[in-house]
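Undergrad:
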Amino acid sequence: MAGASITDLISSTIAILWVTTENYNMVRDDKGLREAFHEAGRGLLLVEEALQIAKTQLDARDLAGDPQTAMSSMEACNTKAKLSESIFKDVAQAPETSRFERYKTAVKRVGKENTIEVLVTGMMNDTCDLANDSAIEAAMKDQVKGLRDAIDKLSTAEPSVPKEPWGNSFSNSGSGKQFNNTKGTQYNSTDGGKQFFGNFSGSVTFS
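Mapping of the sequence shown onto numbering that gives the first Met the number 0: position 95 corresponds to residue 94, and the numbering continues sequentially without gaps.
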């Protein structure tokens, strides 16, 4: 039965989400963490509840569609759940005064594109993809609506980690000279003389 392997993976993901929610609950009142962080933390329960219903439905029947498609969705969801657990655990274990810095460090560790709102939004989408299977689609209708609403809310929230500026920026508030170089060779001329660049194949005389 294809549902057996699916339900095992769903059960594993639910267990991870339960622990992750417990870690989030330890910091849910921390105003030093941004709203997207808290929206994502609250969203964990929505994913868990939706997966509980999917598991209940699939305990009694097979998937109606392609089992490999469903497995792919759940494998992706499970991977994101593990990354989320790691991040929330790091934040929950940090002293209150350094939780935001610990969070930023945790995101860099797992990949700076993996902010907690990105991971939780991904799990929500994976769960909605799973619910497209006609064997469980009707039973999960309300949960899918809740997940879609949460996805919309997360998409408009201020990022949980400030975006880093692109490119290079230099400033000089004094009157002296400034020399900047991000890569390659830097050539500086501080007087009125000429500069010659390149390679010379023969002898060169300067007058």
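C-beta: ideal position from N, C-alpha, C; glycine also.
Here the structure is a predicted model, which means the values were calculated and not measured.
Taking the alpha carbon of V46 as the reference point, which residue from T104, P158, A91, A14 has its own alpha carbon closest?
TA: Taking only the C-alpha atoms, the option nearest V46 is A14.
Undergrad: Pull up the CB-CB distance for E38 and A130, whole angstroms please, since I reckon it's below 8 angstroms.
TA: The pair is not a contact, with the Cβ atoms about 21 angstroms apart (cut-off 8 angstroms).
Undergrad: Please report the straight-line C-alpha distance between A134 and I5, rounded to a whole angstrom.
TA: Distance between the alpha carbons of A134 and I5 is about 13 angstroms.
Undergrad: Buried or exposed: S97, going by 16 or more other Cβ atoms within 10 Å of its Cβ?
TA: The residue in question, S97, is exposed, as its Cβ has fewer than 16 Cβ neighbours within 10 Å.
Undergrad: D283: which of A53, R41, L32, R33 sits nearest, CA to CA?
TA: Within the shown structure, residues of the chain are numbered from 0 to 206, placing residue 283 beyond reach of any answer.
Undergrad: Smallest Cα separation from G31: which of E21, D148, L62, A91?
TA: Closest by alpha carbon: A91.
Undergrad: Between D65 and A93, what straight-line distance do the alpha-carbon atoms span, to the nearest angstrom?
TA: If I take the Cα positions, the gap works out to 43 angstroms.
Undergrad: Name the residue from V160, W17, D132, V117 whose alpha carbon lies nearest to the alpha carbon of Q56.
TA: For Q56, the nearest C-alpha among the options comes from D132.
Undergrad: Check the Cβ-Cβ distances between L153 and every residue of chain C, and say whether any is below 8 angstroms.
TA: You won't find chain C in this structure, because it holds only one protein chain.
Undergrad: Taking a contact to mean a Cβ-Cβ separation below 8 angstroms, would you say P214 touches T114 in this structure?
TA: For residue 214 there is no data in the structure shown, the boundaries of the chain being 0 and 206.
Undergrad: Does DSSP put R101 in a helix, a strand or coil?
TA: Correct three-state label for R101: helix.
Undergrad: Are at least three pairs of beta-carbons, each pair with one atom in the stretch 81-89 and one in the stretch 136-156, less than 8 angstroms apart?
TA: Not touching, per the Cβ criterion.
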